[in-house]
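Numbering (this note's numbering), first residue to last: 3 to 1052.
Beta carbons are placed, not taken as given, at the ideal position from N, Cα and C, and that holds for glycine.
First the structure, in the form of structure tokens, and then the observations on it.
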């Protein structure tokens, strides 16, 4: 019977354009034959399975155990961090990861590809979701922070596991925009993070809801996503088997997912919310809350008239609210919404429930309507074979004001007939008073199961019927408190019970008949239940295909529709005749920051229209995400493709300039599909792989100041493979001492002597030879290894400084570059001090260089760290000034000792009078702020003379010296010190000569006086002698004037 039902379901699903495939039950046996019944599952707490005391537990573990009971599948488990499990997937050692969301899929794909770069595995998700999981910020039970208290959270220290960094941070920014200014602290282990959380060293933690601790409270939710089983896209049979197994579990026991969700999430506090003091006070004063329930809405719910005892989905929902708040909730029955409002106004009730939404309550004043706690798809029921027409007579229940509004909009010529209940609407259709009845899917399914032969669901609307709560405006705390819980749950738990009551309300045989007749609707409901215990996503199950195909911003193709249309295109034509182009706007984040999100969105809409106007009718394009656009266009020569894309860029800039004066720079990567066909084993084109190659080509362009286009070719492929090689050997290379510290001298413009140096890293690999920093540092920045390289360089600098001090030499200040990634680590300052203290180096000899671009990500946090470093005694310098986006206004807030003018900025502006004026102004500004200025990249005498003229303190560049090994720097510096010593000795000698001359002159004057006295007494020889002495002194003064000025201090 099940096989027969599933075939029916598949046919109906196609008719409804549902993007799911329902699999025959025989899939179990097929998969079992392929793999010997055993599926290896990865274990990680973020993905629904935890290892506790040698045993496994968790939502996904219970789900898998239930699948195992009902199928031929068996499961074994392998533990690991996400990167470790990704490596095992790539090597074929793990088959499945449970509870993976679509947003996490890209991160897993990246980790898997990094593990096996030569033969990357393409990952995919199953069709049926298991549940919904969310990421939340959790606080201790005794915290002063309340739910959604974003101001308090912004100033908090929030812990997270480093292995989750790629999931929680996008381009360095936390996924929760409201709290990005918080200080985030990364941890290597969950136990350490939990200890610091419990001891108060951190104020909150970011973690997924399945990582259960026990006593924490939800302060805010930052991401809620459907999650699925993840496996290789090649495992089609396994995907089918898992989808079938999930459907079987839910059809057999609709409450199963709710029970295990409650067991592992709700029960342990992951669904408990932090209330404000006012809300806590309200709970203390109002222990009992009364809900006025509208009897007209009681279809699946049951309200006993004698006892006002409510049972059904709404009762379950209210009990969940009661559990979350600690309030006792009583229910009283009312015959209509009007009676419910009367009960609210006279104080006998505080909440209205049943048929409440913004449309049905619009006629009543002084009420506060909550967000929907239930969203039900609207369906049409008519006689078999009938359809809804423009002039149909449509029956709608009394509580369906929102349905009436929807129907009047899409069928303005239809006649709307109102009936008290859904049942009477169906009666009207059956006896011919109405052509069709519209109502919520749950209620219609309920009544169809209990009679009405000849009637069936004939249409599923993309609209929904919402159920909300209504509150008196005199109780703001109550409405806010319930609103937080509904918002936090992200919708409606009552939907879980709806299907339980529908399917289980009658006998077992009746339930089987119902399942057979309405299997497609049940599975649609299953999807809703699985997608989230508290989230009814029937809207997603029944919404029109149009919604799924359309990008909500541009109104054009969605990402999914692009892939679908491109696949169709390549099936009906030769793939070698096509190319894929991917491009984006460089630093689009700054467009949003400077012009605002609304203007940023308008720019993207203009760009979409520009692309549309420049493509042929059979070419395909879409906005992939944010400012990324992808195009499938006719293949051509490099010049022709370059011209087409450049024409789009130029035309957009022309159009955009009519609305906003903002320079736009594009980066584009192009991949010809004939390359993909030639490299494919089966002659097929992997569109994702082609897009990845566009990304690789595009990545070679970053940093340019003009729009650029790069083509993916063999050299780029070789470069990508080479970068993977570099990445894999970096850690070992550091251990084998392949990395070296070089020093580039900094010269004082007044003294022309070495007054400092910059420490730079170089890599001399026995396998690849000398590797340019431009090749390996971006890789290290991407994978985080740059943090270890920075500390390695710092230690090398401290080691040689210790040697200088022990040799009696006063060190020069050496600057050490610091990556922005250090900001993610709570122990950053501690590690700095540990290394410097190890060699007993005074902090003032270490200058920490931060690039200007760091300030665009988390300026507030960086400034805090800079002030701490400055207080400790480190010197700080701002590198590449003029290359980024920090403002001069910010410069006054930075505790910076040195400003370093970027060589690009310097070289671009030196050749014009205005450019020189700009540089001069920057130097004056820095000097006025008591900051020294260093110009890097100095290569000509003209530059030196200009910088001397504007009082720049120091210079660095090839005009004076290239970066060199420490030993070579020491030779140069020692020679410079010797030169300084000789200058000092010469100056001292000159000074002594002046003193001697002055002394001699003084002696001569004394002799003159004596001679004069003798002359008066008759002596005649003294004047001639005095004259000779005076001449000698004059000659000495003349010689002194021709030497360098005396220097008495270093």
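Could you check where the alpha helix (DSSP H) with residue i kicks off and where it finishes?
i: residue 108; result: 104-117
i: residue 731; result: 716-737
i: residue 297; result: Segment: none, residue 297 is in no alpha helix (DSSP H) and carries neither H nor E.
i: residue 776; result: 775-785
i: residue 950; result: 943-951
i: residue 662; result: Residue 662 -> no alpha helix (DSSP H), and no H or E assigned at all.
Report yes if the CB atom of residue i is closer than 7 Å to the CB atom of residue j, and no otherwise.
i: residue 127; j: residue 230; result: yes
i: residue 935; j: residue 957; result: no
i: residue 439; j: residue 397; result: yes
i: residue 213; j: residue 47; result: yes
i: residue 599; j: residue 556; result: no
i: residue 577; j: residue 746; result: no
i: residue 266; j: residue 61; result: yes
i: residue 189; j: residue 161; result: yes
i: residue 869; j: residue 844; result: no
i: residue 922; j: residue 968; result: no
i: residue 242; j: residue 124; result: no
i: residue 758; j: residue 814; result: yes
If you draw a straight line from the alpha carbon of residue i to that of residue j, how long is it in whole angstroms?
i: residue 472; j: residue 261; result: 29 Å
i: residue 291; j: residue 309; result: 17 Å
i: residue 899; j: residue 872; result: 9 Å
i: residue 298; j: residue 412; result: 26 Å
i: residue 596; j: residue 937; result: 29 Å
i: residue 222; j: residue 210; result: 12 Å
i: residue 182; j: residue 176; result: 6 Å
i: residue 501; j: residue 146; result: Its pLDDT being 42, under 50, residue 501 is placed unreliably in this model, and the coordinates cannot settle the point.
i: residue 64; j: residue 258; result: 10 Å
i: residue 649; j: residue 666; result: 14 Å
i: residue 625; j: residue 319; result: 39 Å
i: residue 585; j: residue 165; result: 30 Å
i: residue 200; j: residue 474; result: 40 Å
i: residue 509; j: residue 451; result: Note that residue 509 has pLDDT 33, beneath the 50 cutoff, so the model's placement of it is unreliable and no number is given.
i: residue 700; j: residue 132; result: 37 Å
Following the continuous beta strand (DSSP E) through residue i, name the residue where it begins and the one where it ends.
i: residue 376; result: 376-385
i: residue 934; result: 934-938
i: residue 749; result: 741-750
i: residue 759; result: 756-767
i: residue 580; result: 580-587
i: residue 442; result: 438-442
Mind checking residue i: buried by the 16 CB within 10 Å criterion, or exposed?
i: residue 15; result: The predicted model places residue 15 with a pLDDT of 35, which falls under 50 and marks its position as unreliable; any figure quoted below should be read in that light. The residue is buried, with at least 16 neighbouring Cβ atoms inside 10 Å.
i: residue 765; result: buried
i: residue 448; result: buried
i: residue 296; result: buried
i: residue 467; result: buried
i: residue 574; result: exposed
i: residue 785; result: exposed
i: residue 371; result: buried
i: residue 169; result: buried
i: residue 93; result: exposed
i: residue 391; result: exposed
i: residue 279; result: exposed
So residue i packs on residue j, CB below 8 Å; how close in whole Å?
i: residue 98; j: residue 45; result: The pair is not a contact, with the Cβ atoms about 11 Å apart (cut-off 8 Å).
i: residue 767; j: residue 740; result: 6 Å
i: residue 790; j: residue 818; result: That pair is no contact at about 14 Å.
i: residue 326; j: residue 487; result: 5 Å
i: residue 794; j: residue 736; result: 6 Å
i: residue 247; j: residue 69; result: 4 Å
i: residue 103; j: residue 227; result: 4 Å
i: residue 837; j: residue 797; result: 5 Å
i: residue 783; j: residue 821; result: 6 Å
i: residue 96; j: residue 80; result: 6 Å
If you measure from the CB of residue i, is any heavy atom of the ligand GTP nearer than 6 Å?
i: residue 747; result: As for the ligand GTP, it is missing from this structure, which has no ligand bound.
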